[in-house]
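Chemist: Okay, handing you the structure first.
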Amino acid sequence: MDFFIPTALAEAPAAAPQQGDPGSFFLLMIGMFVIFYFLLIRPQQKRAKQHRAMVEALGKGDEIITSGGLLGRITEVGEQYITVELAEGVQVRMQRNAIATVLPKGSLKAAEKE
Numbered sequence: 003m004d005f006f007i008p009t010a011l012a013e014a015p016a017a018a019p020q021q022g023d024p025g026s027f028f029l030l031m032i033g034m035f036v037i038f039y040f041l042l043i044r045p046q047q048k049r050a051k052q053h054r055a056m057v058e059a060l061g062k063g064d065e066i067i068t069s070g071g072l073l074g075r076i077t078e079v080g081e082q083y084i085t086v087e088l089a090e091g092v093q094v095r096m097q098r099n100a101i102a103t104v105l106p107k108g109s110l111k112a113a114e115k116e
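What follows is the structure, encoded as structure tokens:
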């Protein structure tokens, strides 16, 4: 009668998967945070600090480039806002934080010749 009923072979129970050491997981997470800090967070904080210092040092007569790409000369400086002369007789008022770069003196005259 063995013919019709296949013999059931018992398999050994599957071994439980190996559990990793929890300490190594935390070390890996700390290592990832350190990498993110030095590659992403720290450089961004450094750029923000440099921009803040540049904005605080703005003065009348400085030649600047705005975040929108406009070139001009600062005519008035206030606590939160500055007035920028973009062309002769054309002045705009904008936030101090909208300044992207301070140009060396004489840059506007060189740009006008181009």
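Residue numbers (the working numbering): 3 to 116. Using N, Cα and C, we set each Cβ at its ideal position, and we do this for glycine too. Computed from a predicted structure; not experimentally measured.
#1: Pull up the distance between the alpha-carbon of Val-92 and that of Thr-85, whole angstroms please.
#2: Alpha carbons only, please: which of Arg-95, Glu-90, Ile-76 is nearest the one belonging to Lys-107?
#3: Output the distance between the C-alpha atoms of Ser-26 and Leu-41, rounded to the nearest integer angstrom.
#4: Can you confirm whether the segment 29-41 touches the segment 66-74 when touching is taken to mean that 3 or more C-beta pairs between the two stretches lie within less than 8 Å?
#5: Here's a check: name, in chain order, each residue in its chain whose Cβ is nearer than 6 Å to the Cβ of Arg-95, leaving out the five neighbours to either side.
#6: Along the beta strand (DSSP E) that carries Glu-114, what are the first and last residues, could you check?
#7: Can you give the Cα-Cα distance for Ser-109 and Lys-115, rounded to whole angstroms?
#8: Under 7 Å Cβ to Cβ from Gln-97, same chain only, skipping five residues before and after it: list those, please.
#9: So, with DSSP's three-state summary, where would you put Glu-58?
Modeler: Put simply:
#1: Along the sequence shown, read from residue 1 onward, the residue named residue 92 stands at position 90. Along the sequence shown, read from residue 1 onward, the residue named residue 85 stands at position 83. Roughly 10 Å separates the two Cα atoms.
#2: Translated into positions along the sequence shown, residue 107 becomes position 105. Considering only alpha carbons, the answer is Ile-76.
#3: The sequence position of residue 26 within the sequence shown is 24, counting from 1. The sequence position of residue 41 within the sequence shown is 39, counting from 1. Roughly 22 Å between the two C-alpha positions.
#4: no
#5: Here the question's residue 95 lines up with position 93 in the sequence shown. If we look at Arg-95 and ignore the five residues flanking it on each side, its Cβ neighbours are Tyr-83, Thr-85.
#6: Translated into positions along the sequence shown, residue 114 becomes position 112. Not the beta strand (DSSP E): Glu-114 falls in the alpha helix (DSSP H), residues 109-115.
#7: Counting from one through the sequence shown, the residue named residue 109 turns up at place 107. Counting from one through the sequence shown, the residue named residue 115 turns up at place 113. Going from the Cα of Ser-109 to the Cα of Lys-115 covers about 10 Å.
#8: Numbered from 1 along the sequence shown, position 95 holds the residue referred to as residue 97. Only Gln-82, Tyr-83 meet the Cβ criterion.
#9: Here residue 58 refers to the residue found at position 56 when the sequence shown is read from its first residue. Looking at Glu-58 - three-state DSSP - the assignment turns out to be helix.
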